[in-house]
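A short worksheet on the structure shown next.
In this note's numbering, the protein residues as written are 2 to 166.
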């Protein structure tokens, strides 16, 4: 099992989930999808956004938020929300971590955030804007965890191409 886990609670937009799946494949993170979802897993837009990386993904499905929380009750969960006081880059992420994101239109449930204020984190942004795109936020968050680990297990030097530099 991977040490970086990205959990999407009731995702609504297949392209976002596909993009996040592609990020997970590229960095070796596990993807956790919590139902209900606003699409089916055979959606063309989902598969297109994930390109040909689906076979390289570790995906777990949960029938509900309650089931996800029960099965991850002893895990290190960090809830991403625009309502948090803590900045994502100020957190020292543990070895095994779950980065948890809510649905695009509503975010995570208020009760969950209220019960876990010390585990709620945000990405800074200008005032009076609602939120950042879900797939962008998940990528920023995952790469912060990787940065803190010196990108362990990832290729950090440029690849040679057919062009000469």
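Beta carbons are placed, not taken as given, at the ideal position from N, Cα and C, and that holds for glycine. Here the structure is a predicted model, which means the values were calculated and not measured.
Listed in chain order, the alpha helix (DSSP H) elements of length 4 or more contained wholly in the stretch 30–118 are 45–51, 66–72, 111–116. According to DSSP, residue 9 shares a beta bridge with 34, 102. In the three-state DSSP reduction, residue 127 falls in the coil class, being neither helix nor strand. Under a 10 Å Cβ-count criterion, residue 11 is classified as buried, with 16 or more other Cβ atoms of the shown protein chains found around its own Cβ.
The distance from the Cβ of residue 58 to that of residue 32 is about 6 Å, consistent with a contact at the 8 Å cut-off. The Cβ-Cβ distance between residue 9 and residue 99 does not fall below 8 Å.
Counted as a single uninterrupted DSSP element, the alpha helix (DSSP H) harbouring residue 24 occupies residues 15–28.
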